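Undergrad: Structure incoming, see below.
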Amino acid sequence: MPITVTCREFNQKASQMLQLSQQEPVFITKWGKIVGVLSSYQAYQQREAQSLAEAFASGHAAGDLDDALDADLARIRQQSARQRPNDWGQ
Numbered sequence: 240m241p242i243t244v245t246c247r248e249f250n251q252k253a254s255q256m257l258q259l260s261q262q263e264p265v266f267i268t269k270w271g272k273i274v275g276v277l278s279s280y281q282a283y284q285q286r287e288a289q290s291l292a293e294a295f296a297s298g299h300a301a302g303d304l305d306d307a308l309d310a311d312l313a314r315i316r317q318q319s320a321r322q323r324p325n326d327w328g329q
């Protein structure tokens, strides 16, 4: 069951909240809206590793993004060259 505390409770019992966050996330509310989450570092690392694994498993080749950026840059350079007349020799 998730733990939800107000900002005031969190400020008054920070040490206890740190201990609770080792078991499960602690949601911090302000005026009835969740404004923060306190989680264990181990849970954070697991989520980061999972996100990284999902990114690599997405099916995109490693160079796809670089190729797309290179194509955009080449297109911008071509448009820029067409807009400016070359008058260096005059």
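Using our numbering, the letters of the sequence shown correspond one by one to residues 240 to 329. For each residue, glycine too, the CB sits at the ideal point set by N, CA and C. Here the structure is a predicted model, which means the values were calculated and not measured.
Which first and last residues belong to the alpha helix (DSSP H) in which Glu263 is found?
TA: It is not in any alpha helix (DSSP H) - Glu263 carries neither H nor E in the DSSP assignment.
Undergrad: Alpha carbon to alpha carbon, how far is Lys272 from Ser254?
TA: So the two alpha carbons sit approximately 22 Å from each other.
Undergrad: Who are the Cβ neighbours of Lys252 in its own chain at under 8 Å, not counting the five residues just before and after it?
TA: Closer than 8 Å at the Cβ level, and outside the excluded window around Lys252, lie Val244.
Undergrad: Within the same chain, show all residues whose beta-carbon is closer than 8 Å to that of Thr268, passing over the 5 residues directly before and after it, in chain order.
TA: The answer, listed in chain order, is Thr243, Val244, Thr245, Cys246, Val274.
Undergrad: How many Å lie between Ala198 and Leu259 at the Cα?
TA: Nothing in the structure corresponds to residue 198, since the chain is present only between 240 and 329.
Undergrad: Measuring alpha carbon to alpha carbon, tell me which residue in Phe249, Trp270, Gln281, Glu248 is nearest Gln261.
TA: Cα-wise, what sits closest to Gln261 is Gln281.
Undergrad: Looking at the unbroken beta strand (DSSP E) that takes in Lys272, where does it start and where does it end?
TA: From DSSP, the beta strand (DSSP E) with Lys272 extends over 272 to 277.
Undergrad: Once the 5 residues before and after Met256 are set aside, which same chain residues still bring their CB inside 7 Å of it?
TA: If we look at Met256 and ignore the five residues flanking it on each side, its Cβ neighbours are Val244, Phe249, Val265, Leu277.
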